[in-house]
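For any residue, its number in the working numbering is found by taking its place in the sequence shown, counting from 1, and adding 110.
Built from N, CA and C at the ideal position, the CB exists for glycine as well.
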Amino acid sequence: MEATVLQDNFAVRIDGIDLSTLDGDDLAEAKKLWMENKIAIFTGQDLDDDGLLAFTGRLGPLFVHVQQNILGDGPDEVMYMSSMDAVAPVAGDLAWHSDQSYTPGPVFATILYGITIPEDGGNTLFADLTATYECLPDYLRAKVDNVKACYSPVKKGRPRRRPMKDDQIDELSDIWHPLVRKHPYLDRKALYLSPNHMTRIGDLSEEDSDALLEELIIHASKFVYSHRWTPGDVIMWDNTQVMHRRDSFPSTQPRFHKRTGFHLPEELRTPVTA
111 MEATVLQDNF AVRIDGIDLS TLDGDDLAEA KKLWMENKIA IFTGQDLDDD GLLAFTGRLG
171 PLFVHVQQNI LGDGPDEVMY MSSMDAVAPV AGDLAWHSDQ SYTPGPVFAT ILYGITIPED
231 GGNTLFADLT ATYECLPDYL RAKVDNVKAC YSPVKKGRPR RRPMKDDQID ELSDIWHPLV
291 RKHPYLDRKA LYLSPNHMTR IGDLSEEDSD ALLEELIIHA SKFVYSHRWT PGDVIMWDNT
351 QVMHRRDSFP STQPRFHKRT GFHLPEELRT PVTA
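As structure tokens, this is what we get:
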């Protein structure tokens, strides 16, 4: 295993391992590197669904997306995300968000496996929300500490590529999470931002909430890692410490990824105020 930290405590590339058989001390070391650096990029992988799930399942309880209608033809725990999907193609850009922020216990880690990569665009960008919080000026910290934000399953701005069904929306409703949360394992605090789904901050009006959110996004944009995909890359990120987005890419160029994720243990799943 060869590890290279790409930015200051943010994003580590790990070469020379096969995720489908990774276990024991090597798995523990890879998990430690990932958690410390928030994102881990594993290169040169060749995984079928079983291999991808075997790796994911060794890290935690498997995640199944609440929207069953966007899953692929394989196991429920594997999402197929393709620009070639005739019904709901993945295309264009995707705004900043944190996965499943609109659920009571958001997924801890997301794992994305790049198989077919467009020639132009389609990069995935990650913002370090631990560093963002640490560098906030005092006046902004006063606005976010001990404050909760409301998250909605209905996406802001551009609608979902395959909209949620009414019964799925009814099951979720709106939910409040701390705007600053404590990491479940590390002695760290991080902003918890998911602009795609945040509708209100504390008791602020919608206008004031949007203004504060925009100011926080500006600060977060100072701590960004942009990943240019290569086929065989697997990226794992910690949703308690980062938010992410996708750059636009031409609809004529194919892009295909598989996605899995894992939860925290049940007793740690609900976000905790820092």
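Check, Outcome
"Coarse secondary structure for Met82, derived from DSSP in three states", "Residue 82 lies beyond the range of the chain shown here (111 to 384); nothing can be said about it."
"Cβ distance (whole Å) where Leu143 is taken to contact Val122 below 8 Å", "5 Å"
"Cut-off 8 Å between Cβ atoms - residues of its own chain near Val382, not counting five sequence neighbours on either side", "Pro288, Arg291, Lys292 and Pro294"
"Every unbroken alpha helix (DSSP H) inside the segment 111-187 [4 residues or more]", "134-147 and 159-167"
"Assigned exposure category for Arg356 - 16 Cβ within 10 Å defines buried", "buried"
"Tyr249, buried or exposed, once every other Cβ within 10 Å from all chains shown has been counted against 16", "exposed"
"Reference Asn306, options Gly231, Thr340, Pro263 and Ile127, closest by Cα", "Pro263"
"Same chain, Cβ closer than 6 Å to Ile149, neighbours up to 5 away in sequence not counted", "Ala121, Phe236 and Trp347"
"Outcome for Ser193 when other beta-carbon atoms lying within 10 angstroms are tallied against a minimum of 16", "buried"
"CB contact flag (Phe359, Pro171, <7 Å)", "no"
"Leu128 versus Lys141, Met308, Leu222 and Asp156, residue with shortest Cα-Cα distance", "Going by the sequence as given, residue 128 is Asp instead of Leu. Among Lys141, Met308, Leu222 and Asp156, the Cα nearest to that of Asp128 belongs to Asp156."
"Residue from Tyr243, Arg251 and Ser336 whose Cα sits closest to the Cα of Ala300", "Tyr243"
"Selection from Leu222, Val174 and Glu146 that minimises the alpha carbon distance to Thr340", "Leu222"
"Alpha-carbon to alpha-carbon, Val334 and His367", "22 Å"
"Euclidean distance between Cα positions of Glu112 and Val174", "31 Å"
"Leu238 - containing alpha helix (DSSP H), residue span", "For the record, residue 238 in the displayed sequence is Asp; it is not Leu. Not the alpha helix (DSSP H): Asp238 falls in the beta strand (DSSP E), residues Thr234 to Asp238."
"Residues that DSSP places opposite Ile311 in a beta bridge", "Ala259"
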